[in-house]
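Protein chains in written order, with the working numbering: chain A, 5 to 116; chain B, 247 to 361.
All C-beta atoms in this analysis are idealised placements derived from N, C-alpha and C, irrespective of residue type, glycine included.
Structure first, then comments.
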């Protein structure tokens, strides 16, 4: 059972425009939602989080939005830069748990 | 470099052989996690240590898998009698005692190929 779903395996965006990555989840008991970024030959790196009691968190060019009624979150990157080309994993942390549950990832390509 | 390190980076083995992977955490990170990632999927949780205590194991961790963290520092993951389905990237991650558990620092992974 996939509790965190990323339905778009890939996304291509022009440099300078907004990138929007989407994620859906099925479990209402998640405490935090996360985005991790992964470059080839490296492990994932933490990017940004949002508590389940918030609906928006912003960090520089990155903003995460949480819509609890729709069980949906999204990551906005604006403006998109070439270095943003990577695989982005949506993830969630259940309450009182240590393990992160990851989605299958979206490969973002920023084209010039 | 003071990040999480994993050894080896690549391992090719024949079906039925045993393999062992090592993870060295960031200094003073007391929490350590193992994940497995297959092609086209995100990392899947395998097991979690707090210091030397193994506190959680996934049902993915069959009897052929064992993990240890004997002194609360480095950890090993052993797979016995490997099967082709064990081919995957094995990722180690650590997090500090004082941090939020969701901010985990990943190593580069060990890619296992079982032939």
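Check, Outcome
"Residue 300 (chain B) at chain A interface by Cβ criterion, 9 Å", "no"
"Inter-residue spacing [alpha-carbon to alpha-carbon] between residue 265 (chain B) and residue 328 (chain B)", "8 Å"
"Nearest neighbour of residue 51 (chain A), chosen from A:88, A:101, A:100, A:115 [CA to CA]", "A:88"
"DSSP three-state assignment for residue 116 (chain A), whether helix, strand or coil", "coil"
"Segment contact flag, the segment 250 to 264 of chain B with the segment 346 to 357 of chain B, C-beta cutoff 8 Å, min 3 pairs", "yes"
"Of the residues A:39, A:48, A:86, A:45, the one placed nearest residue 70 (chain A), counting alpha carbons only", "A:39"
"Under 9 Å between C-beta atoms of residue 93 (chain A) and residue 44 (chain A)", "no"
"Under 7 Å from the C-beta of residue 262 (chain B): neighbouring residues of chain A", "None at all; the shortest Cβ gap to chain A is about 29 Å."
"Members of the segment 16 to 35 of chain A that neighbour chain B once the beta carbon cut-off is set at 9 Å", "35"
"Residue 309 (chain B) - DSSP class collapsed to helix/strand/coil", "coil"
"Beta carbon of residue 340 (chain B) nearer than 9 Å to that of residue 259 (chain B)", "no"
"C-beta contact flag for residue 32 (chain A) and residue 60 (chain A) at 9 Å", "no"
"Cα-Cα separation, residue 303 (chain B) to residue 30 (chain A)", "22 Å"
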